[in-house]
Amino acid sequence: MADDKAISRRSFAAGAAGLAALPVAAQAAKAAKPAPIPVGKPFILTTWDFGPGANAVGWPMLEQGRSSLDVVEAAINHVELLGDYWVGADGVPNEVGETTLDAMILWGPTHDIGAVGCLKRVKKAISVARKVMEETQHTLIVGDDATRFAARMGFTETSLTGPKSQAAFAKWAEKGEKSDAFGPEPIARDDRLAGHDTVGSIALDAAGNLTVGCSTNGREFKIPGRVGDSPIPGAGAYGDQAVGGAVATGNGDVMMRFLPTYHAVELMRGGMHPQAAAEAAIKRIEDAGYRIGGGIAVIRRDGLHGGAKTGWEDNPFSYSVQTAAGNVKVPVG
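Residue numbers (my numbering): 9 to 341.
1) With distances taken Cα to Cα, identify the nearest neighbour of P50 among E106, R308, E321.
2) Which runs of the alpha helix (DSSP H) fall wholly inside the segment 221 to 295 and span at least 4 residues, in chain order?
3) Which residue's Cα is closest to the Cα of A305: S209, T219, T331?
4) Where does the unbroken beta strand (DSSP E) through M161 begin, and where does it stop?
5) Is the Cβ-Cβ distance between A133 and S223 less than 8 angstroms?
6) Is DSSP giving D120 helix, strand or coil here?
7) Looking only at its chain, what residues have a beta carbon closer than 8 angstroms to the beta carbon of K172, apart from the 5 residues adjacent to it on each side?
8) Let me confirm a value: S167 is counted as buried when at least 16 other C-beta atoms fall within 10 Å, else exposed. Which label applies?
9) State the Cα-Cα distance for the pair M112 and T206, rounded to the nearest angstrom.
10) Beta-carbon within less than 7 angstroms of K337's beta-carbon, same chain only, minus the 5 sequence neighbours each way: which residues are those?
11) According to DSSP, which residues form a beta bridge with H6?
12) State the DSSP-derived secondary structure class of V7, mapped to helix, strand or coil.
13) Which residues mark the beginning and the end of the beta strand (DSSP E) in which I113 is found?
14) Between D78 and K186, what straight-line distance do the alpha-carbon atoms span, to the nearest angstrom?
15) Need the endpoints of the beta strand (DSSP E) that I134 sits in, please.
16) Using the Cα positions of G122 and P324, report the straight-line distance between them to the nearest angstrom.
17) Out of G48, F163, G151, point me to the one whose CA is closest to V124's CA.
18) Which of the three DSSP states is assigned to Q35 in this structure?
19) How many Å lie between G48 and A332 at the Cα?
20) Give the DSSP-derived three-state secondary structure of K179 in the structure shown.
21) Compare the beta carbon distance of R129 and E165 with 8 angstroms and say whether it is the shorter of the two.
22) Using CA coordinates, which residue listed in G116, D295, V262 is at the minimum distance from A211?
23) I need the boundaries of the beta strand (DSSP E) containing L77, first residue and last residue.
24) Name the one or two DSSP bridge partners that T169 has.
25) Among the residues of its own chain, which have a CB less than 6 angstroms from the CB of H271, if the five just before and after it don't count?
26) In terms of residues, what are the limits of the beta strand (DSSP E) holding N335?
27) Would the segment 258 to 265 and the segment 138 to 148 be scored as touching if the rule is three or more Cβ pairs under 8 angstroms?
28) Pick helix, strand or coil for F325, following the three-state DSSP scheme.
29) Only counting the same chain, and skipping five residues up and downstream in sequence, which positions put a Cβ closer than 7 angstroms to that of P339?
30) In chain order, what residues of the same chain have a beta carbon less than 7 angstroms from the beta carbon of P46, not counting five sequence neighbours either side?
31) Assuming V95 and V87 are in contact, meaning their beta carbons sit under 8 angstroms apart, how far apart are those beta carbons, in whole angstroms?
32) Per DSSP, what are the beta-bridge partners of Q330 in this structure?
33) Measuring CB to CB, does G302 end up less than 8 angstroms from G319?
34) Out of P192, D237, A62, M276, state which residue places its alpha-carbon closest to the alpha-carbon of T3.
35) Going by alpha carbons, who is nearest to G297 out of L53, P194, M69, G170?
36) Looking at the secondary structure, which residues open and close the beta strand (DSSP E) in which V65 lies?
Pasting the structure below:
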């Protein structure tokens, strides 16, 4: 009993000491708060091999003093109209042979976001997303209703099907298989590691305004109506005017479960280096047991950047950053 009392006295004393130390700890925490991130010089970052070409479109606009909003839209439009299999028209078909698009854009000064999911028959998905942001109080419009909205905003409807998408669908349909979306979750194994990609772009203009955007036609042979991570804030893309931005790519059905771009931006807000923030956001997905192809590119508003990926051992994920010093393409190991 005496020992119990002694333990209680020691516990009380330790507790009292802890309480007494709280003001000091609070002061230390306050002192350790990261310093504000200075606004850097203009830059544009774009993912994948799209980067140099998209940046070449956006950078002259930044030099002319144009808004980062215009720059990101133009850079992504460039990719959407390239005819690449994974972004824009003539891209990956869904389970019934139709190509649909997802896109999102975020304007840093007001943290306003516009997005479209499963958009049909309109090529410039990022531009429709911008109209959602600027002309409405909504954030996300999807499916046929997104197409109707686009038409209302003056966009022309046209088929998104082309030779590549038709050939890919015909080859797949001949096998008579169900979409692999009906398969088991990619825990420990994912046969789709060679997978797909998304174009993401982040720009800071001369006025210090940040814009983040991304666009994709999503997962190959997806179930009709599926929306991926690209139009989901914090998943496919995210940014904060006071911190910086991040864009993601890869298996969106898994990526959106972890909000990696939001995670990375918040880690940077706490003072973490962009490279470490990118790695931590990807590691959280890996630690949950998922084996997927996925990547993230992160840039702070002072221009410091980094990237990380999971899977894709034979798929060279990269991003490019253009500044006044030129364009640098960064391979992500």
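Ideal Cβ positions, reconstructed from N, Cα and C, are used throughout, including at glycine.
So, to answer that:
1) R308
2) 260 to 263, 268 to 277, 282 to 295
3) S209
4) No beta strand (DSSP E) holds M161; DSSP gives it neither H nor E.
5) yes
6) DSSP places D120 in the strand class (E or B) of the three-state scheme.
7) G91, Y93, D98, G99
8) exposed
9) The alpha-carbon atoms of M112 and T206 are separated by roughly 11 angstroms.
10) Same-chain partners within the cutoff: G59, P60, S326, S328.
11) Since the first residue shown for the chain is 9 and the last is 341, residue 6 is missing from the structure and cannot be characterised.
12) An answer regarding residue 7 cannot be provided, because it is not within the stretch 9 to 341 covered by the chain.
13) 109 to 115
14) 41 angstroms
15) That residue, I134, is in no beta strand (DSSP E); its alpha helix (DSSP H) goes 133 to 143.
16) 30 angstroms
17) G151
18) For Q35, the predicted model reports a pLDDT of 44, less than 50, meaning its position is unreliable; a value from the coordinates is still stated below. In the three-state DSSP reduction, Q35 falls in the helix class (H, G or I).
19) 12 angstroms
20) Residue state, collapsed to three classes: helix.
21) yes
22) Answer by Cα proximity: G116.
23) Segment 76 to 88 is the alpha helix (DSSP H) holding L77; no beta strand (DSSP E) there.
24) Partner(s): none; T169 has no beta bridge.
25) A289
26) 334 to 339
27) no
28) F325 falls in the coil class under three-state DSSP.
29) P324, S326
30) For P46, where only same-chain residues beyond five positions count, the Cβ hits under 7 angstroms are D310.
31) Confirmed, about 5 angstroms.
32) I52, N335
33) yes
34) The question about residue 3 has no answer, for the chain in this structure spans 9 to 341.
35) The option with the nearest alpha carbon to G297 is P194.
36) Segment 59 to 71 is the alpha helix (DSSP H) holding V65; no beta strand (DSSP E) there.
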